[in-house]
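Numbering (the numbering used here), first residue to last: 1 to 174.
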């Protein structure tokens, strides 16, 4: 039985196309969807800029409140993107999305830990690679999730700017 689905969102170009699959599965199984978006940790350069140029009291303020505000802003953007997509199609599709989480960390690790913590039955992820020279190559995040997941993974294949059938990989009515 599929009761909880984790949708690993990257806010990418193919998000609406993947969301179509997520909603279709949720409808078929009357399942709830947890949307997870990972935000990469600050890199060494950004961290060194903070250490070098930002006064100590401002560093604490940024770490304590700034990150929370940034994460909330990203969460709001994720929700807004879904609202826009779902309003174009079927408004009732929104009922399947139970929560949207934006978590700092490496994408595959965040998805896998949330899948375990929330006891999901299925993970849905896009299978595209950012490398234009290798459009058939599986992305590193999807690859790691496929290798390490303890639950089934539904991989939505993405083959460059066009879908498998030669049409735009945008949202198609379901």
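Each residue gets a CB set at the ideal place from its N, CA and C atoms; glycine is no exception.
Nearest neighbour of residue 101 by Cα position, chosen from 93, 119, 4 and 79, turns out to be 79. Taking 9 Å as the cut-off, the Cβ atoms of residue 96 and residue 22 count as close.
DSSP places residue 126 within a strand segment (E or B) once states are collapsed to three. Judged by DSSP secondary structure, residue 145 falls outside any beta strand (DSSP E) and instead within the alpha helix (DSSP H) spanning 140-148. Of all alpha-carbon atoms in 4, 5, 2 and 17, the one lying nearest the alpha-carbon of residue 156 is that of 17.
Its Cα nearest to that of residue 37, the residue 110 stands out among 94, 126 and 110. Partner residues in the beta bridge of residue 153, as assigned by DSSP, are 123. The continuous beta strand (DSSP E) containing residue 34 extends over residues 32-39. Excluding five sequence positions before and after residue 106, the CB atoms of its chain that fall closer than 8 Å to its own CB belong to 38, 40 and 41, given in chain order.
By the CB criterion at 9 Å, residue 120 and residue 6 fall inside the cutoff.
Within its own chain, the residues whose Cβ lies closer than 7 Å to the Cβ of residue 4, once the five positions on either side in sequence are excluded, are 31, 32, 34, 118, 119, 120 and 121, listed in chain order. Membership of residue 6 in any alpha helix (DSSP H) is not indicated; the residue belongs instead to the beta strand (DSSP E) covering 4-9. With contacts defined by Cβ atoms closer than 9 Å, residue 108 and residue 145 form a contacting pair.
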